[in-house]
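Contents: one structure, followed by commentary.
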Ligand code: CP3
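In my numbering, the protein residues as written are 24 to 356.
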């Protein structure tokens, strides 16, 4: 698997490529399967359909890795917070975490209820070609906590940060409980056949550096350490979005650091990790911008092992033809 070899620092002749949100609405085939499932959460919970959409981008576009189709928010859902996706609004939790009783009520055995994810991984690994990697994933404890405290996405994260500064012990209790569940969740994904685990910290940039290290990276690091000790052959990827300003402070037992598009690769190259990223996703609107973006990244990473990816998820209105062109540029240019 050139993807896994590259995660462990071995450079191959061709740079491996996959894309965050590669199974998504820019693909007509995804939209057809999603329509069959009814709604987004039903698609996540139907392991056969989830496996089908996981395989689509690899079958259609020949990416080097598949990422299991699910969502980071199935974890808080199974910890006991009802989740719905409102059209045009994104995810919503109608019950939120405000105090210690709420934290105590969360189900610490939630990983045992996520069989639909493990079944989708098992089926997908059986169907995927042996040279293609299967990536499992979870949300970082901090990013999951923000959804559980805010109830939805937020511009300011004020409720979460109010808890962090007014009641830091409560915040740590919540983060520790989520981390406990994630250890078992990621471990079960590995046992089901995932070759790598990516930890998405999408709202890393909400925190000042010292708070980030104490309330987010500490838990990512604990999770990575747990998985790496038990499963050294599994690649661990962390994607803390928007932390370019203090990226050199991020020490953990991870193999790969995902770089978002606002962080210069020159800066990320100073870390000891293999890098993944970081094409600005909107470059996919223009073939010229794709070509230029790919050559800038290749020039910067030179002869280092590197995983090509976008600097965040692909947008739903990107033409599939442009994705094909991107892959061609990465492999042939
Ligand atoms: O990358 C992949 O192809 C795997 C599948 C995947 C999804 N969500 C499917 C999805 C992954 C890895 C995620 C992670 C996720 N989910 C993150 C972290 C990554 C990031 O984008 O920062 C976050 C923050 C979420 C929470 C979430 N789920 C939001 C904010 C939304 C709504 C935004 C949107 O694009 O509509 C979702 C829904 C969601 N998750 C969709 C998909 C394909 C769109 C649902 C649909 O089909 O209508």
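Backbone N, C-alpha and C define an ideal beta-carbon position, used for all residues, glycine too.
Asked: Where residue 123 falls, given that 16 or more other Cβ within 10 Å makes a residue buried; Found: exposed
Asked: Other residues of its chain near residue 25: CB distance less than 8 Å, five sequence neighbours each side excluded; Found: 35, 37, 39, 87, 154
Asked: Inter-residue Cα distance where the pair is residue 190 and residue 101; Found: 25 Å
Asked: Contact between the region 206-214 and the region 146-162 (3+ Cβ pairs under 8 Å); Found: yes
Asked: Entirely enclosed beta strand (DSSP E) segments - the region 267-323, minimum 3 residues; Found: 279-282, 297-302
Asked: CB-CB length for residue 254 against residue 201, believed under 8 Å; Found: Contact doesn't hold; Cβ gap of about 20 Å is too wide.
Asked: Close-in-space but distant-in-sequence residues of the same chain around residue 339 (CB under 8 Å, 5 per side omitted); Found: 47, 48, 49
Asked: Separation of residue 137 from residue 97, as counted between CA atoms; Found: 8 Å
Asked: Sufficient close CB pairs (3 or more, under 8 Å) joining the region 105-112 to the region 76-93; Found: no
Asked: Residue burial classification, residue 218 (beta-carbon count within 10 angstroms, cutoff 16); Found: buried
Asked: Cutoff 6 Å; reference residue 257; Cβ partners in own chain excluding five residues on either side; Found: 213
Asked: Minimum C-alpha distance to residue 228 - residue among 251, 285, 248; Found: 285
Asked: Neighbour-count burial assignment, residue 22, 16 or more Cβ in a 10 Å radius; Found: There is simply no residue 22 to check, as the chain begins at 24 and stops at 356 in what is shown.
Asked: Opening and closing residue of the alpha helix (DSSP H) in which residue 329 lies; Found: No alpha helix (DSSP H) contains residue 329, which is instead part of the beta strand (DSSP E) from 329-333.
Asked: Buried/exposed call for residue 355, threshold 16 Cβ in 10 Å; Found: exposed
Asked: Beta-carbon gap between residue 30 and residue 139 smaller than 8 Å; Found: no
Asked: Same chain, Cβ closer than 6 Å to residue 276, neighbours up to 5 away in sequence not counted; Found: 247, 248, 251
Asked: Sub-8 Å separation of residue 295 and residue 334 beta-carbons; Found: no
Asked: Backbone secondary structure at residue 129 - three-state DSSP; Found: coil
Asked: Same chain, Cβ closer than 8 Å to residue 237, neighbours up to 5 away in sequence not counted; Found: none
Asked: Minimum C-alpha distance to residue 70 - residue among 204, 280, 175, 148; Found: 148
Asked: Counterpart residues of residue 349 in DSSP-defined beta bridges; Found: Bridge partners of residue 349: none, in fact.
Asked: Top-ranked residue by Cα proximity to residue 330, from 156, 107, 116; Found: 156
Asked: Length of the line joining the Cα atoms of residue 52 and residue 151; Found: 18 Å
Asked: Span separating the alpha-carbon of residue 106 from that of residue 117; Found: 7 Å
Asked: Ordered list of alpha helix (DSSP H) runs contained in the region 136-171, each at least 4 residues; Found: 138-150
Asked: CB contact flag (residue 143, residue 91, <8 Å); Found: yes
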